[in-house]
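Down below is the structure, laid out as structure tokens.
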Amino acid sequence: MSKKRRQERKFAIGRGHEARQSAPAEELTVKTVAEGEADRQTNPGRDEDADQRKQAADLRQGTDERREAAGHLRQGSADQREIIADQREDIADLRQDTADQREDIADLREEAADLRQDTADQREDIADLREEAADLHQETADLRQATEDLRQETADQRQVTADLRQETADQREEAATVKATIAASAQAQLREVNERLIIATIHAQKMTEAAELATEQMSHMAQHDYLTGLPNRALLTDRLKQAMVLAQRHGKKVALIYLDLDHFKHINDSLGHGVGDLLLQSAAKRLQTCVRLSDTVSRQGGDEFVVLLPEVEAVQDVVVTAKKLIEAMDRPHLVSGHRLRVTISIGISIYPDDGQEIEALVRSADTAMYHAKKIGRNNYQVFTPEMNVRAVARQAIEQSLQRALEQHRFVLHYQPKVNLETGAVTGAEALIRMQADAGQLVYPAHFIGIAEECGLILPIGRWVLQEACRQTQAWLQAGLDIGQIAVNVSSREFHGKDFLASVIAVLNATGLDPRHLELELTESGLMQDTEPTTAILHALKRLGVQVAIDDFGTGYSSLSYLLRFPIDTLKIDQSFVQDLDDPTGSSGEAIVSAVIAMGTSLKKRVVAEGIETQQQLTFLQSHQCAEGQGYYFSRPVPADEFALLATGLHQSPNG
Amino acid sequence: MDQTTVATSNRDLRQEGICVILTQRAGSVPDASAVAEATTSTWCQIAALLTPVLGTRGVDVIFRRALYLTGKAFPWLASGEKGGDSAALLIRLKARLAGQSADTAAEAACALLVTFMELLTTLLGESLTEHLMGPVWTSPSPPSARGLER
Numbered sequence: 001m002s003k004k005r006r007q008e009r010k011f012a013i014g015r016g017h018e019a020r021q022s023a024p025a026e027e028l029t030v031k032t033v034a035e036g037e038a039d040r041q042t043n044p045g046r047d048e049d050a051d052q053r054k055q056a057a058d059l060r061q062g063t064d065e066r067r068e069a070a071g072h073l074r075q076g077s078a079d080q081r082e083i084i085a086d087q088r089e090d091i092a093d094l095r096q097d098t099a100d101q102r103e104d105i106a107d108l109r110e111e112a113a114d115l116r117q118d119t120a121d122q123r124e125d126i127a128d129l130r131e132e133a134a135d136l137h138q139e140t141a142d143l144r145q146a147t148e149d150l151r152q153e154t155a156d157q158r159q160v161t162a163d164l165r166q167e168t169a170d171q172r173e174e175a176a177t178v179k180a181t182i183a184a185s186a187q188a189q190l191r192e193v194n195e196r197l198i199i200a201t202i203h204a205q206k207m208t209e210a211a212e213l214a215t216e217q218m219s220h221m222a223q224h225d226y227l228t229g230l231p232n233r234a235l236l237t238d239r240l241k242q243a244m245v246l247a248q249r250h251g252k253k254v255a256l257i258y259l260d261l262d263h264f265k266h267i268n269d270s271l272g273h274g275v276g277d278l279l280l281q282s283a284a285k286r287l288q289t290c291v292r293l294s295d296t297v298s299r300q301g302g303d304e305f306v307v308l309l310p311e312v313e314a315v316q317d318v319v320v321t322a323k324k325l326i327e328a329m330d331r332p333h334l335v336s337g338h339r340l341r342v343t344i345s346i347g348i349s350i351y352p353d354d355g356q357e358i359e360a361l362v363r364s365a366d367t368a369m370y371h372a373k374k375i376g377r378n379n380y381q382v383f384t385p386e387m388n389v390r391a392v393a394r395q396a397i398e399q400s401l402q403r404a405l406e407q408h409r410f411v412l413h414y415q416p417k418v419n420l421e422t423g424a425v426t427g428a429e430a431l432i433r434m435q436a437d438a439g440q441l442v443y444p445a446h447f448i449g450i451a452e453e454c455g456l457i458l459p460i461g462r463w464v465l466q467e468a469c470r471q472t473q474a475w476l477q478a479g480l481d482i483g484q485i486a487v488n489v490s491s492r493e494f495h496g497k498d499f500l501a502s503v504i505a506v507l508n509a510t511g512l513d514p515r516h517l518e519l520e521l522t523e524s525g526l527m528q529d530t531e532p533t534t535a536i537l538h539a540l541k542r543l544g545v546q547v548a549i550d551d552f553g554t555g556y557s558s559l560s561y562l563l564r565f566p567i568d569t570l571k572i573d574q575s576f577v578q579d580l581d582d583p584t585g586s587s588g589e590a591i592v593s594a595v596i597a598m599g600t601s602l603k604k605r606v607v608a609e610g611i612e613t614q615q616q617l618t619f620l621q622s623h624q625c626a627e628g629q630g631y632y633f634s635r636p637v638p639a640d641e642f643a644l645l646a647t648g649l650h651q652s653p654n655g
Numbered sequence: 001m002d003q004t005t006v007a008t009s010n011r012d013l014r015q016e017g018i019c020v021i022l023t024q025r026a027g028s029v030p031d032a033s034a035v036a037e038a039t040t041s042t043w044c045q046i047a048a049l050l051t052p053v054l055g056t057r058g059v060d061v062i063f064r065r066a067l068y069l070t071g072k073a074f075p076w077l078a079s080g081e082k083g084g085d086s087a088a089l090l091i092r093l094k095a096r097l098a099g100q101s102a103d104t105a106a107e108a109a110c111a112l113l114v115t116f117m118e119l120l121t122t123l124l125g126e127s128l129t130e131h132l133m134g135p136v137w138t139s140p141s142p143p144s145a146r147g148l149e150r
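Taken in order, these protein sequences are the chains called A and B.
First residue of the first sequence? That's 1 in the numbering used here, and the numbers climb one at a time after it.
First residue of the second sequence? That's 1 in the numbering used here, and the numbers climb one at a time after it.
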């Protein structure tokens with residue numbers, strides 16, 4: 001039987017049985033209930049039996065029926081069992097079918113899943129393909145773009161190449177032009193370089209020439225005097241050395257003539273250094289005319305000259321030359337419109353007699369010259385050993401001065417200046433003394449000249465100014481007003497470096513009021529370098545320091561300086577004052593009265609120096625000379641004595 | 001013959017040659033003016049040949065140096081010369097030469113040119129000097145100074 005037919009039969013059997021089975025049950029149930037109800041209502045006692053019987057009958061019928069029904073049911077059950085078996089078979093078949101179907105379905109599902117998977121894969125493949133296709137499209141488009149770009153680039157490169165070609169062509173053209181320009185420029189530059197080289201070389205030649213000339217000049221200057229062109233000390237020494245060697249070899253002598261111009265300083269001071277220099281040049285030429293070519297005329301400095309006469313036979317030969325020199329120099333020199341007469345003093349030394357060494361020979365000639373000056377100038381002296389005594393003494397004084405400075409052995413003495421009318425002390429002049437080794441005092445006349453020559457005058461002068469100011473300030477502080485302290489200033493100090501500054505420094509150091517200080521200068525000292533002199537004097541004047549002319553009337557100068565310079569005081573030289581005692585009525589009276597009159601009219605203070613007698617004092621008083629100093633009133637005395645003296649004179653003005 | 005002798009000999013020959021040529025250029029019977037003219041003409045020729053190589057200032061400075069050195073022997077030749085315009089210097093030189101006697105002018109002019117050549121030789125060397133200055137001393141007469149100055 002087919003599955004379908006079995007299913008149809010099963011369905012038919014099921015429906016019939018169900019109909020038979022369900023109808024009796026329902027009819028039985030309904031009759032029993034309805035009969036019971038009806039019996040209960042009609043005869044409750046009989047009825048109850050009847051009912052029971054009825055019920056039993058019903059029960060039996062019901063049981064029969066039930067039996068039948070049960071038979072039916074059993075039949076039905078067997079049928080049903082058969083049916084069920086069939087159904088079970090069907091079900092099994094169904095189940096099998098279902099299982100098959102399920103298997104089929106599973107297969108189908110699997111197939112479907114595979115299909116879906118395949119489909120998905122295919123879709124994916126398709127998507128990939130599409131993507132690849134898109135990529136391909138993009139790639140193609142890119143390739144097209146790249147190709148386009150390459151074309152463009154190629155075109156550009158072609159353009160660049162073309163441009164480069166053009167540029168290269170232009171550069172070639174430009175290079176050609178530049179090359180031509182460079183060639184022209186190089187030629188010009190080469191010319192310029194040559195030009196510069198030539199100029200530099202010529203310049204170098206000139207510089208070399210100038211350097212050689214300068215070297216020659218320096219060599220000449222090192223051996224010659226710049227003013228006169230004569231050999232200087234260095235060249236003279238060299239020639240003297242050679243001459244001494246030759247003289248020794250040939251058994252001859254060498255003469256050295258040391259000379260200087262007499263009173264040259266006065267000419268220099270009064271007419272100025274310019275005239276002095278011209279005079280020296282004129283003198284140098286004169287000297288050269290008096291000697292042989294083999295002789296040497298040299299300038300030592302200042303107005304000193306040395307003539308070297310090599311290979312001399314005898315002293316007499318030298319004397320002849322010395323006389324020629326004196327004679328030649330004696331003729332007037334015409335210098336800057338001045339007709340100047342100048343004499344010379346000569347000292348002669350002979351090698352080897354007066355010195356074996358150069359220094360000794362020169363010193364001997366110098367000593368002889370000094371001797372010639374001492375005996376009156378304008379002469380010559382041949383050195384003798386006796387002359388050395390003076391030279392030795394001079395050397396001793398110089399050493400003493402040096403020691404005195406170092407050991408503070410200078411002292412000041414003070415000589416009062418007096419009002420000739422009242423006798424009152426108006427001031428004092430500070431005068432230096434040196435304490436000798438033995439204790440005695442040495443007066444300035446013995447050493448000032450030497451101090452000036454050797455330069456010690458500068459430290460000595462500074463000490464004098466310092467000490468005089470200090471002492472005066474001390475007196476003033478002690479209540480003793482001495483008026484003014486006068487300090488002598490040498491020409492060398494006054495014209496030395498920083499004189500004004502040193503005066504100011506001393507005043508500051510001592511605290512002395514400048515109006516208490518008077519500086520005494522000589523005429524010749526003032527007449528040097530008039531411009532600086534004027535400046536210094538005015539500066540002193542502004543400070544309040546007084547200036548006096550010492551030894552007035554003895555100098556070698558013009559009176560016009562009295563108007564030019566700010567001078568306060570004229571000191572009449574003691575030589576004129578001493579002449580006042582001359583019974584023959586010498587010119588002293590005239591000079592003194594003239595100086596007093598001139599000083600009064602020029603409104604200068606006039607101080608007479610060296611008053612020693614009543615007669616001199618009377619004359620001066622009668623000519624209204626205001627002030628004086630001298631032994632008549634007092635010798636120079638030490639400071640303490642001066643203090644007493646000044647106090648006494650203050651107390652007794654006419655004493 | 002050592003090198004010093006050769007150099008001295010060359011210098012003497014050059015000096016002699018220069019003097020001869022200068023005299024020739026001054027004419028058969030030279031006066032001072034003719035010497036002056038020949039000197040300045042020769043100088044202008046020298047300057048024209050040297051200027052492209054040494055520059056105007058280079059040539060001028062050598063000439064002035066030569067003038068200064070020659071002036072030591074002939075002070076009137078370079079008196080007061082310290083600078084200024086080269087053309088004016090040449091005019092003054094010409095006037096100074098013309099103001100002397102013919103012999104003195106010739107001697108000074110010859111000395112000037114010889115000094116110049118010696119200076120040039122010192123600076124450039126014998127060979128280059130000969131090469132540059134050859135035309136000056138071989139041509140019989142230089143163009144006129146006036147023409148060169150223009």
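Where a beta carbon is used, it is the ideal one built from N, C-alpha and C, also for glycine.
Here the structure is a predicted model, which is why all the values come from computation and not from measurement.
Could you tell me which chain A residues have their CB closer than 8 angstroms to the CB of B:VAL18, listed as they occur along the chain?
Working through the second sequence from its first residue, we reach residue 18 of chain B at position 18. Per the sequence shown, residue 18 of chain B should be read as Ile rather than Val. Those do not exist, as B:ILE18 stays about 21 angstroms from chain A at its closest Cβ, beyond 8 angstroms.
Can a CB atom of chain A be found closer than 7 angstroms to the CB of B:GLY27?
For this step, residue 27 of chain B is matched to residue 27 along the second sequence. No, no contact with chain A.
With 16 other Cβ atoms within 10 Å as the buried cut-off, status of A:GLU518
The count along the first sequence starts at 1 and reaches residue 518 of chain A at position 518. Counting Cβ neighbours within 10 Å, A:GLU518 comes out buried, since at least 16 surround it.
Roughly how far, in whole angstroms, is the beta-carbon of A:ALA548 from the beta-carbon of A:ASP568, given that I think they are within contact range, below 8 angstroms?
Against the first sequence, residue 548 of chain A aligns to sequence position 548. Against the first sequence, residue 568 of chain A aligns to sequence position 568. Their Cβ separation, rounded to whole angstroms, is 6 angstroms, which keeps A:ALA548 and A:ASP568 in contact under 8 angstroms.
When you compare only the Cα positions, how much space is there between A:ALA436 and A:GLY483?
Position 436 of the first sequence, counted from the start, is the residue given in the question as residue 436 of chain A. Position 483 of the first sequence, counted from the start, is the residue given in the question as residue 483 of chain A. Each residue's alpha carbon lies about 31 angstroms from the other.
Contact check, A:CYS625 vs A:VAL637, beta carbons under 7 angstroms
As a first step, residue 625 of chain A must be located in the first sequence, where it is residue number 625. As a first step, residue 637 of chain A must be located in the first sequence, where it is residue number 637. No, Cβ-Cβ distance for A:CYS625 and A:VAL637 is not below 7 angstroms.
Along the chain, which unbroken stretches of the beta strand (DSSP E) at least 3 residues long are found entirely within the segment 558-614 of chain A?
569-572, 605-608
Can you list the residues of chain A that B:GLY84 reaches, using a CB-CB cut of under 8 angstroms?
Position 84 of the second sequence holds residue 84 of chain B. Result: empty, since nearest Cβ-Cβ is about 16 angstroms, beyond 8 angstroms.
A:SER634 and A:PRO352 closer than 7 angstroms at C-beta
Position 634 of the first sequence, counting from 1, holds the residue named residue 634 of chain A. Position 352 of the first sequence, counting from 1, holds the residue named residue 352 of chain A. Not a contact, by the Cβ cut-off of 7 angstroms.
Taking A:GLY181 as the query, report the chain B residues whose CB atoms sit under 7 angstroms from its CB, ordered along the chain.
What you label residue 181 of chain A is simply residue 181 of the first sequence in a count that begins at 1. In the sequence as displayed, the identity of residue 181 of chain A is Thr instead of Gly. Chain B residues near A:THR181: none, gap ~18 angstroms exceeds 7 angstroms.
Using a Cβ-Cβ cut-off of less than 9 angstroms, list which residues of the segment 30-58 of chain B approach chain A; keep chain order.
THR51, PRO52, VAL53, LEU54, GLY55, THR56, ARG57, GLY58
Assumed close pair A:CYS454, A:LEU507 - CB separation to whole angstroms, cut-off 8 angstroms:
Locating residue 454 of chain A in the first sequence gives position 454, where the first residue counts as 1. Locating residue 507 of chain A in the first sequence gives position 507, where the first residue counts as 1. About 28 angstroms separates the two Cβ atoms, so there is no contact after all.
Cβ contact check for the segment 243-255 of chain A and the segment 493-504 of chain A: 3 or more pairs under 8 angstroms:
no
Assuming A:TYR370 is part of the alpha helix (DSSP H), what are its boundary residues?
Residue numbering aside, residue 370 of chain A sits at position 370 when the first sequence is read from its first letter. Counting along the chain, the alpha helix (DSSP H) containing A:TYR370 begins and ends at 358-374.
Below 7 angstroms between beta carbons: does that hold for A:LEU308 and A:ARG403?
Your numbering for residue 308 of chain A matches position 308 in the first sequence. Your numbering for residue 403 of chain A matches position 403 in the first sequence. Not closer than 7 angstroms, so no.
Hey, is B:ARG14's beta-carbon within less than 7 angstroms of any beta-carbon in chain A?
Position 14 of the second sequence, counted from the start, is the residue given in the question as residue 14 of chain B. Closer than 7 angstroms: no.
Could you check where the alpha helix (DSSP H) with A:LYS417 kicks off and where it finishes?
What you label residue 417 of chain A is simply residue 417 of the first sequence in a count that begins at 1. Unbroken run through A:LYS417 is the beta strand (DSSP E), 410-419; no alpha helix (DSSP H).
Is the Cβ of B:ILE123 closer than 7 angstroms to any Cβ of chain A?
Taking the second sequence and counting its residues from 1, the one referred to as residue 123 of chain B is at position 123. Per the sequence shown, residue 123 of chain B should be read as Leu rather than Ile. Yes, B:LEU123 lies at the interface with chain A (some Cβ there is under 7 angstroms from its Cβ).
Between A:GLY71 and the ligand NAP, is there a pair consisting of the residue's CB and a ligand heavy atom that are separated by less than 6 angstroms?
Ligands in the displayed structure: none, and consequently the ligand NAP is not present.
Taking Cβ-Cβ distances shorter than 9 angstroms, what residues in chain B pair up with A:GLN281?
Locating residue 281 of chain A in the first sequence gives position 281, where the first residue counts as 1. Within 9 angstroms Cβ-Cβ: nothing; A:GLN281 doesn't reach chain B, min ~25 angstroms.
CB contact check: A:ARG394 to chain B, cutoff 7 angstroms
Position 394 of the first sequence holds residue 394 of chain A. No - not a single Cβ of chain B is within 7 angstroms of the one on A:ARG394.
A:GLY301 in three-state terms, based on DSSP
Taking the first residue of the first sequence as 1, we reach residue 301 of chain A at position 301. In the structure shown, A:GLY301 sits in a strand (DSSP, three-state: E or B).
Are the beta-carbon atoms of A:ALA365 and A:LEU256 separated by less than 7 angstroms?
For the purposes of this step, residue 365 of chain A is taken as residue 365 along the first sequence, with counting starting at 1. For the purposes of this step, residue 256 of chain A is taken as residue 256 along the first sequence, with counting starting at 1. Yes, Cβ-Cβ distance for A:ALA365 and A:LEU256 is below 7 angstroms.
Measure from the C-beta of B:VAL136 to each C-beta in chain A and report whether the shortest distance is under 7 angstroms.
By 1-based counting over the second sequence, the position of residue 136 of chain B is 136. Taking Cβ atoms only, chain A never reaches closer than 7 angstroms to B:VAL136, which makes this a no.
Which of helix, strand or coil DSSP assigns to A:GLU518:
For the purposes of this step, residue 518 of chain A is taken as residue 518 along the first sequence, with counting starting at 1. In the structure shown, A:GLU518 sits in a strand (DSSP, three-state: E or B).
In the segment 471-514 of chain A, which residue ranges form an unbroken alpha helix (DSSP H) of at least 4 residues, counting only runs that do not cross its ends?
491-494, 499-510
Determine the closest residue to B:SER79 out of B:ASP85, B:LEU93, B:SER86, with distance taken between C-alpha atoms.
On the second sequence, position 79 is the one that residue 79 of chain B refers to. With distances taken between Cα atoms, B:SER79 lies closest to B:LEU93.
For A:GLN629 versus A:GLU612, is the C-beta distance shorter than 7 angstroms?
To locate residue 629 of chain A, count along the first sequence from 1; it is residue 629. To locate residue 612 of chain A, count along the first sequence from 1; it is residue 612. It is not a contact, given that the beta carbons lie outside the stated cut-off.
Expected contact under 8 angstroms - CB spacing of A:HIS623 and A:SER593 to nearest Å:
In the first sequence, residue 623 of chain A corresponds to position 623, counting from 1. In the first sequence, residue 593 of chain A corresponds to position 593, counting from 1. Rounded, the Cβ-Cβ distance is 5 angstroms, consistent with contact.
Please classify A:ALA626: does DSSP put it in a helix, a strand, or coil?
Mapped onto the first sequence, residue 626 of chain A falls at position 626. Three-state DSSP puts A:ALA626 in coil, outside helix and strand.
Inter-residue Cα distance where the pair is A:VAL392 and A:PHE447:
As a working mapping, residue 392 of chain A is identified with position 392 in the first sequence. As a working mapping, residue 447 of chain A is identified with position 447 in the first sequence. A:VAL392 and A:PHE447: Cα-Cα distance of roughly 14 angstroms.
Interface residues of chain A facing B:ARG65 [CB-CB closer than 8 angstroms]
Residue numbering aside, residue 65 of chain B sits at position 65 when the second sequence is read from its first letter. Near B:ARG65 (Cβ distances below 8 angstroms), the residues of chain A are ILE202, GLN205, LYS206.
Can you list, in chain order, the residues of its chain with a C-beta nearer than 7 angstroms to that of A:THR29? Leave out the 5 residues immediately preceding and following it.
If you number the first sequence from 1, residue 29 of chain A lands on position 29. Note on A:THR29: pLDDT 47, under 50, position unreliable in the model; no value is reported.
Contact list for the segment 100-128 of chain B against chain A, Cβ threshold 7 angstroms:
LEU123
Exposed unless 16 or more other CB atoms sit within 10 angstroms - verdict on A:PRO231
Residue 231 of chain A sits at position 231 when you count from the first residue of the first sequence. Buried.
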